[in-house]
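Notes to accompany the following structure.
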DNA sequence: TGCAACCTTGCCCTTGGGGCAAGGTCAAGT
DNA sequence: ACTTGACCTTGCCCCAAGGGCAAGGTTGCA
């Protein structure tokens, strides 16, 4: 018959852990010897190993207690297994992002993006626009590392077409206008036709490349009522949820 | 400029989590607007994403704070990566044991072991010995599933040799003897030579098959002073730590 | 006989947030 | 101008799964 410390060392937990399992009704209290020490049998060890197997799989102790008595265990085990697979995949994804962080991909923008941004003032863009673009690309590269590069190159290419460049410059200038200025409606029209021409009839997604989530656009819009209204118009005309 | 809820929804955490990070000095407090709301920039979002990447890798927040300022980060990332690999392996092992549990391998002894145990009384073993063997194999199969079968078969084979069977039977009978009875020393001698004969000069491990941990032996010994002394003698003679 | 290493219960501490209260603020529609 | 619902603010207590310590009793070994 084992003492609590022997059982604990044996299964690879601390005595405290076993006492906690008793207190929570996970493992029944064993008989005590003459001096009040708990005395365990091999069957208790097997039971404890089962509990630890579930606990190490991340099953909450309360749920282990439920499973202990009922015979829902057979069914539950499959879901726990799936859950475990999902967590393993999650950890692998985390590891991947961690390695990108180690390579410095999250700490600064790539050199060509910085280069691109530095040329924007020369093309006629405002300081505000450049700062917004900086933030925007920072976010896109941080959240969509795999597609960010393609989005960026598409955007940079747009500015080499004089007609399209003029449209984007007007976007910039709209910032301080009244939301109901007719120039807002006019720009919305121009953006719709330019977008349709560039990306075809069935939109891959709204506006500037498919990888930019709506949230980024929302953050951009927030600084100007005119931009907010422009965004509303575009969503209506392009049929985006 | 983002509010806390926008930033939170964006990075995929709750606003509370961000406040906790402020309180713990992980993420600096951003400027407040006229009404006291926190206002975040894209740089904060990038910083938060870094923090979450580390947190999801299981790095304690206190440690993330240390890494945030110092440039020990580059070094620490490698260890965190290793750590993560180890945890992925651990989860996979847990999953493996979970599947064995699902197959019922932990709930009962295999049929051939039960069969073997049921034949022991007929060979002259005591009830006590059979119960101890039952417990012992329960433990071995629970903790060393991969090697248990080989250990068991080796042990079963031993009992088919009449000379070895007699040695084991004497082990059983020793239980109630005085620890200093000369028969204890005599059995120790016999066991040493039998073990050497069976397993060669350089022991794979002590006594009955290499997979049985010392702790199991300890549990067996606990019930008899004579067995305890026998164990001590064997360890000395066979040179086991 | 002494000592180290156990065991007992009880209580507070920790991590990483969740949830609620009580109040202030914002944007939209009426 | 008012209301409504969704935000935001701080402050507080709560959770799981144990860790650690205290104060006392017990065991094994020389």
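Chains as they are written, first to last, in our numbering: chain P, 14 to 254; chain E, 14 to 254. The beta carbon of each residue, even a glycine, is placed where N, CA and C say it ideally should be.
Name, please, each residue of chain E whose Cβ falls closer than 7 Å to the Cβ of residue i.
i, result
"residue 93 (chain P)", "111"
"residue 169 (chain P)", "Those within 7 Å of residue 169 (chain P) in chain E number zero; the least Cβ separation is about 19 Å."
For residue i, return the contacting residues in chain P, with the cut-off set at a CB-CB distance below 8 Å.
i, result
"residue 115 (chain E)", "87, 90, 91, 94"
"residue 66 (chain E)", "107, 110, 111, 114, 119"
"residue 148 (chain E)", "54, 55, 56"
Could you tell me which residues DSSP puts in a beta bridge with residue i?
i, result
"residue 256 (chain E)", "The structure shown does not extend to residue 256 (chain E), since chain E is modelled only from 14 to 254, so the question has no answer here."
"residue 45 (chain P)", "P:51"
List, in chain order, every chain P residue whose beta-carbon is nearer than 9 Å to that of residue i.
i, result
"residue 151 (chain E)", "55, 56, 58, 59"
"residue 28 (chain E)", "What residue 28 (chain E) touches in chain P: nothing, since even the nearest Cβ is about 15 Å away."
"residue 141 (chain E)", "Simply none; closest approach about 12 Å."
With distances taken Cα to Cα, identify the nearest neighbour of residue i among the options.
i, options, result
"residue 50 (chain P)", "P:61, P:84, P:17, P:71", "P:17"
"residue 14 (chain E)", "P:117, P:152, P:80", "P:152"
"residue 82 (chain P)", "P:70, P:100, P:131, P:60", "P:60"
"residue 89 (chain E)", "E:98, E:42, E:72, E:99", "E:72"
"residue 207 (chain E)", "E:197, E:198, E:180", "E:180"
"residue 55 (chain P)", "P:74, P:32, P:24", "P:24"
"residue 103 (chain P)", "E:149, E:167, E:69, E:58", "E:69"
"residue 249 (chain E)", "E:202, E:211, E:237, E:27", "E:202"
"residue 41 (chain E)", "E:28, E:78, E:27", "E:78"
"residue 174 (chain E)", "E:245, E:116, E:107, E:211", "E:211"
"residue 112 (chain P)", "E:98, E:52, E:146", "E:98"
"residue 53 (chain E)", "P:148, P:199, P:209", "P:148"
"residue 84 (chain P)", "E:145, E:28, E:165, E:117", "E:117"
Between the beta-carbon of residue i and the beta-carbon of residue j, is there less than 8 Å?
i, j, result
"residue 243 (chain P)", "residue 187 (chain P)", "yes"
"residue 239 (chain E)", "residue 195 (chain E)", "no"
"residue 129 (chain P)", "residue 163 (chain P)", "no"
"residue 134 (chain E)", "residue 143 (chain E)", "yes"
"residue 110 (chain P)", "residue 30 (chain E)", "no"
"residue 64 (chain E)", "residue 39 (chain E)", "yes"
"residue 101 (chain E)", "residue 105 (chain P)", "yes"
"residue 172 (chain E)", "residue 136 (chain E)", "yes"
"residue 154 (chain E)", "residue 185 (chain E)", "no"
"residue 20 (chain E)", "residue 58 (chain E)", "yes"
"residue 74 (chain P)", "residue 37 (chain P)", "yes"
"residue 197 (chain E)", "residue 204 (chain E)", "no"
"residue 182 (chain E)", "residue 150 (chain E)", "no"
Which chain E residues sit within Cβ distance under 9 Å of residue i?
i, result
"residue 70 (chain P)", "104, 107, 108, 110, 111"
"residue 97 (chain P)", "104, 105, 107, 108, 111"
Along chain P, which residues have their Cβ under 7 Å away from the Cβ of residue i?
i, result
"residue 17 (chain E)", "Chain P residues near residue 17 (chain E): none, gap ~13 Å exceeds 7 Å."
"residue 101 (chain E)", "101, 104, 105"
For residue i, go through chain E and note every residue whose CB falls closer than 8 Å to its CB, in chain order.
i, result
"residue 128 (chain P)", "Ordered by position in chain E, no residue passes the 8 Å Cβ test against residue 128 (chain P), which lies about 19 Å from the chain."
Query raised in the report: Would you call the segment 44-59 of chain P and the segment 94-108 of chain E touching, i.e. three or more CB-CB distances under 8 Å?
Result: The segment 44-59 of chain P, when compared against the segment 94-108 of chain E, does not touch it at the 8 Å Cβ threshold.
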